[in-house]
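Just so you know, we're using the numbering used here here: the sequence shown kicks off at 581 and counts up by one.
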Amino acid sequence: IFHSLLTGSYAAKYNKDTPSIVQLGFKMEELIFNLADSHFFFNDVEDCDQVHIDDVSSDDNGQDLSGYNFATDGFASCVASSGLRG
């Protein structure tokens, strides 16, 4: 239904005011993007086209990370100290 609001096909099919319906679709689109950006970090991952973890295997340079200090690299941990997520 969302796509049909943006294209105006919903308005045409149900004899509604097309400009108003299309404008409603654009407002909904803006709300969705704002929600995705503010709560789901959309802008941070927008250009990432990784579908599966295996997609990054081609980027692996084979460097040995056994001596890497993950505690000082500046990235926050997603796992609590208890080992539980969230």
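Each residue gets a CB set at the ideal place from its N, CA and C atoms; glycine is no exception.
Secondary structure at Phe621: coil, using DSSP grouped into helix, strand and coil.
In this chain, Lys596 is not harboured by any alpha helix (DSSP H), its DSSP state being neither H nor E. Rounded to whole angstroms, Asn641 and Ala616 show a C-alpha spacing of 32 Å. Nearest in C-alpha terms to Leu604, of all of Tyr594, Lys593, Gly588, is Gly588.
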